[in-house]
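Notes follow once the structure below has been shown.
Residue numbers (my numbering): -11 to 268.
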C-alpha cells in the first residue's frame, strides 16, 4: 500500500509498457465490434511530471523526456506518442498518461473500460479523473479479486492489463495464478502482464509457471537498458502477452530495438519470443 507511481511515471519501463499497450489497442480498434479494457492496477490515470514527487527521482527524464518533441524512433510509436501529446497540447511536457488515459484515448462510443485500484487515495483520484465518463467504471478492489468479478465481460473482445507494483515478494506467483484463473474464465481475451527485470532467475520462474498452465499463444517482449549483473536496480521491462494480435511480434521486433536506441542505456537490448505457440 506504500507504492506511489508518481515517483516512476514516464520512466523507460512505462515507455515500453505503454507503447506496446497502445499498439494492442490499435489492433482492437481495427474491427467494428465493441471491446472492453480491464486495468487491474490502474493508478490515478495521469501524472504531473513537474510535481515535487516526480522531480525527486526525475525518472521521466530518462524515459518519455527522451522522446517528447522529437522525431519518432519508429512509426509504431505514433499511437503512444499521440496519447502523450494529447495531454500536453501546449507543447511542453507536464502530464504523463497512465494506462487508463492511454486506453481511454483508444475507446470508441461502443467500447468501455473497467479500472481497478486498491490504494484508497489513488482510487479516489482515479474516480475524480473519470467523473461523468459513462464509458469508464472505477472500482476500489484487489486486482485478483476483480478478475473473478469482471470476467468474462459482456463484450467478446478486449484486453486485461495486469501491472502490479511488485511490493509483495510473491507477486510473480500471484500473477501466474491470477492469469490461470482469468484465462479459464475468458480464454479468448488478450492479457498483458508487465514485470520488472531485476533478477533474471525470478523472471524465469514466472515464465515457467505460466508455461506449466498450458495456456497457448503466449508472447514475451523485453527491453533492458542495463546489463543484468545485479538485482539491486531495475535493469529492464517485460511484457507477457496472451493471445497477442496478429503480427504484433513482427512489429515489436522492429519497434523495440529502435526504442532501445532512443533511450539512455549502459547495455542491455531487446528480445521477442514465443513462450507458448498457438496450438494447431
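All residues carry an ideal CB built from backbone N, CA and C; glycine is no exception.
In the DSSP assignment, the residues bridged to residue 27 are 103 and 149. In the assembly as shown, residue 89 is a buried residue. Its beta-carbon has 16 or more other beta-carbons within 10 Å. For residue 193, the uninterrupted alpha helix (DSSP H) segment begins and ends at 188 to 200. 8 Å or more divides the Cβ of residue 61 from the Cβ of residue 209. Considered as a whole, the segment 30 to 92 harbours 34 to 36 and 83 to 85 as its complete beta strand (DSSP E) runs of no fewer than 3 residues, in chain order.
Rounded to whole angstroms, the gap between the alpha carbons of residue 114 and residue 81 is 21 Å. If you draw a straight line from the Cα of residue 182 to the Cα of residue 144, it comes to about 23 Å. Residue 207 has its alpha-carbon roughly 11 Å from the corresponding atom of residue 198. Spanning the alpha carbons of residue 69 and residue 56 requires a straight line of approximately 7 Å. Between residue 213 and residue 240, the C-beta spacing is not below 8 Å.
At the C-beta level, residue 128 and residue 105 come within 8 Å of one another. When rounded, the separation of the alpha-carbon atoms in residue 137 and residue 173 is 10 Å.
Residue environment: residue 38 is assigned as exposed (fewer than 16 neighbouring CB atoms within 10 Å of its CB, all protein chains considered). Restricting attention to 255, 229, 119 and 254, the CA atom closest to the CA of residue 261 is found in 229. When DSSP reads this structure, residue 230 sits in a beta bridge with 179 and 206. Take residue 140, set aside five residues on each side of it, and the residues of its chain with a beta-carbon closer than 8 Å to its own are 173, 174 and 177, in chain order.
Between the C-alpha atoms of residue 180 and residue 40 there is a straight-line separation of about 31 Å.
CA-to-CA, the gap between residue 118 and residue 52 works out to about 24 Å.
Burial is judged here by how many other beta carbons sit within 10 angstroms of a residue's own beta carbon; residue 238 has fewer than 16 and is exposed.
The segment 106 to 132 is shown to contain whole beta strand (DSSP E) runs of 3 or more residues at 124 to 127, in chain order. By the Cβ neighbour-count rule, residue 224 is buried, with 16 or more other Cβ atoms within 10 Å of its own. Taking all protein chains in view, the Cβ of residue 258 is crowded by 16 or more other Cβ atoms within 10 Å, so the residue is classified as buried. Assignment of residue 251 by DSSP, reduced to helix, strand and coil, places it in the coil class.
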